[in-house]
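Quick notes on the structure that follows.
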Amino acid sequence: MAANPNHFRRHNEYAQNRYSQSSRSGKSSPESADKIGSKFHNPYTFIPFSDKPSRFEPTLYTADEVEKERHSGVLDIEIKTLRPLLTSQAEPRRKGEDPPKNSVALKIGRDVIVPATAIRGALRNLMTILTSGSLANTNPNSWFCRGRDVNLGNGTGKYDTPCTLFLAKVERAGNTFQDGVIRIGKCMLLANGKSPAEKTKWELKPAGRSPNPRTKRAFYAVDPDQYPITVPAELWADYIARNINGKNTELRTNDLVWVEPKFLNIGKIVDANQIASLQWARWGKRGIKLDNVLPDTSYLPNSCQKDGKVDFVTNLFGQASDSGDKNVPCFAGRIRPENLVFRDTVPKLWKQCPLAAMASPHPGCFSFYFKAGKQELRGFKVYRSAQDGDSPWEYKTQPIFNNNGSPTLWEKSKQTHSADLLPSEQTGRLRIAFHALTSDELALLCHACSLKYWRLGGGKPLGLGLCQPTLKSVTILEDDGSFRKAEPEDFPLGENLSELVGKQAKIWEATQKPVSKMRYPRAAKKNSDSKQRGGHVWFGTFSAPKKNNSAFNEVQSVYVTERFRNSNKLSSSQIKGQHLPEFDQNDPEADVLYGYDVDLNPKKEGHTLYYDDFKPFKTENQLPADTRHAHPNDSQNRESRMANKEKRKEY
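So in the working numbering, the last spot in the sequence shown is 1474, and the numbers never skip.
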């Protein structure tokens, strides 16, 4: 058979093209991401951890009966809204019922209220940042997972995989607070299209679509030699945390689940101590546990530290044990805020404002939560503020998109809701009672209440809740029952706190300065039958992890065509991938990202995608409304959550 000359011509052209692409890139460093254009600011940034939190014996509420130099009294504070404020009334609803489409403002008569519990939480978080204290509201079972890093193999022990496959059925589902029971059974792998020929009753292990058509299917059968195993709640909690943004967020009775053994050479599992994790797929998720990425274990919540001590701020606000552990001290708080009251502001409310949907934190977002190239958390997460005149909280500014790339109507989307907003330039009054505080403790409280900015209420990722506190007066209760007025300057911070609090306060105030174009990252890309538009496109293009494991938290470069390189006079055909920039307190506008809502149309050459331009998305780029989509949406959404709820009812 004669050789086809066109085949060799195409092969030579491809080889020459690949050579020219590699040579034009050369050894020059990738270009800066600013060549992409369309800059914006992320809704959040981080304040670095500072000193290791100090630990103290808890101070009891009656401490002033022994130490007479302690102070009790009341702070009177005026709060002015600089951006709209979201404070919603809690609506009772049955388990599994959706939240209301419209949230009503919390009010008493003609007054809009921010409840004391919300003030307490906001003030405590702020004071924790100022003192670089222990994390208060952190799940100790949190995991950071990106991609699939657990290969259970095929039961042959090759490539550092377990020598035995363990597939189990859930006989009683566990959760974060309750143990569960599984039964490991027989496991069989068969090629697609084949079924077990034996008389044994086999069950097919459900799995998602595989990119490899040769991937084998797994079957489960009861093994009479295996007994049920009680799996502790910790392993169920780990599964939930690792899959919080996945499709199978929790396990149910009768589900089939893969079991990762603690050691590769284990041939049989008879006890929960031999189990490392529960996995939905053979290529599972392990990730990194929160404990292992904090700069010090003293940053863990006090309930996780069994020394009977607490950090500086917890000593002020008190603590209750949710587990009954006697090593976790329980004591009353000595700082007690009242409700924040905005008098006669109900008529001024903006009624039923359509709000943008807020994205939940994603545990796989290494390039934003970790320092570039390091296995270190950045610090305390804080939300930014938008410039006056910009409204990132409005649905029209950050809508939800359908598979055509066009915004979904707010009324028709089941993921949206509206809320009453208290507008800017409204003034409210807040009183905070304090009891048995030392001079340092009172100085810290006064300092926190004298900062330039506070953040209150809901919708902070959308820029809501920026407020300005003004400490109007300090009233001290004397031993004889009389009251005297004092000035905040009468209670200066001690040497141990002054430098730390001053440094952290400057960074906090800098992070709250309004910035231009504060948005969730998003971009658009055309697939074979849809126009994907959202944050996943931006991260998958501009902040995708490197495929090799040479270093932790490195991101891939973006490749551009020769035309783009020449027209923009670039020295390289690569543009740097983007981490969240480090915050600069001297230039709060400097931490910009690039590529907001650009329309991407890459061309694939070999295994590499090349981009010819990064133009902003335009309405005419939307696909026709009647475009058919061959592949259903497998990601977690309202429909999948409701389906899971219905399945749970069956058990």
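By construction, the Cβ of each residue, glycine as well, lies at the ideal position given by its N, Cα and C atoms.
Taking 8 Å as the cut-off, the Cβ atoms of A1179 and Q1142 do not count as close. Taking the Cα positions, N1376 is about 17 Å away from T868. For A1413, no beta strand (DSSP E) run applies, since DSSP gives it neither H nor E.
Around the beta carbon of Y1382, 16 or more other beta carbons sit within 10 angstroms, so the residue counts as buried. Between the alpha carbons of K992 and L1027 lies a distance of about 11 Å.
According to the DSSP assignment, L1267 belongs to the alpha helix (DSSP H) that extends over S1262 to A1271.
When the beta-carbon positions are compared, N1088 and C1188 stay at least 8 Å from each other. P1177 and S1262 have their C-alpha atoms some 46 Å from each other.
The Cβ atoms of A1259 and D887 lie closer than 8 Å to each other. Three or more pairs of CB atoms, one per stretch, sit closer than 8 Å, so the region 1193–1203 contacts the region 870–880. Residue state for R1157 is assigned as coil, using DSSP reduced to three classes. I1299 and V897 have their C-alpha atoms some 7 Å from each other. Assignment of C986 by DSSP, reduced to helix, strand and coil, places it in the coil class. If you ignore the 5 residues before and after W1277, its C-beta comes within less than 6 Å of the C-beta of C1290 and P1292, all in its own chain and listed in chain order.
In the three-state reduction of the DSSP assignment, R1040 falls in the strand class. Here T882 is buried, its C-beta having at least 16 other C-beta atoms within 10 Å. Distance between T1038 and K1112, taken at the CA atoms: about 30 Å.
For G1251, the CB contacts under 6 Å within the same chain, skipping 5 residues up- and downstream, are I902, L1163, V1164 and F1165 in chain order. For P1124, the closest alpha carbon among the candidates Q1401, T1231 and P876 is that of P876. The Cβ atoms of Y1419 and S861 lie closer than 8 Å to each other. A direct Cα-Cα distance of roughly 19 Å separates E1264 from R1307. In the displayed model, A1309 falls within a strand according to three-state DSSP. For I1255, the closest of S1236, E1161 and A1195 by C-alpha to C-alpha distance is E1161. Scanning the region 1129–1188 for uninterrupted beta strand (DSSP E) segments of 3 residues or longer gives 1158–1160, 1163–1165 and 1173–1177, listed from N- to C-terminal end.
In this structure the region 970–978 does not touch the region 1271–1285; the number of beta carbon pairs closer than 8 Å is below three. When DSSP reads this structure, Q1401 sits in no beta bridge, so it has no partner.
Ranking D983, V1378, N1226 and G997 by CA distance to the CA of K1348 puts N1226 first.
Note that the C-beta distance between V1082 and G1003 is not below 8 Å. The way I'd put it, the region 1348–1366 does touch the region 1419–1433; three or more beta-carbon pairs between them come closer than 8 Å. Remark: C-beta atoms of V1169 and V1338 do not approach each other more closely than 8 Å. Listed in chain order, the alpha helix (DSSP H) elements of length 4 or more contained wholly in the region 1334–1387 are 1358–1365. A distance below 6 Å between beta-carbons, with the five flanking residues on each side excluded, links S1190 to the following residues of its chain, in chain order: S1366, V1378 and H1402. Comparing alpha carbon positions, the residue from E1248, R893 and T951 closest to F1314 is R893.
Here the alpha carbon of K924 sits roughly 18 Å from the alpha carbon of L908. The beta carbon of R971 is closer than 8 Å to those of A1104, W1106, G1107 and K1108 in its chain, skipping five residues each way along the sequence. As computed with DSSP, G1008 is found in a beta bridge with L990.
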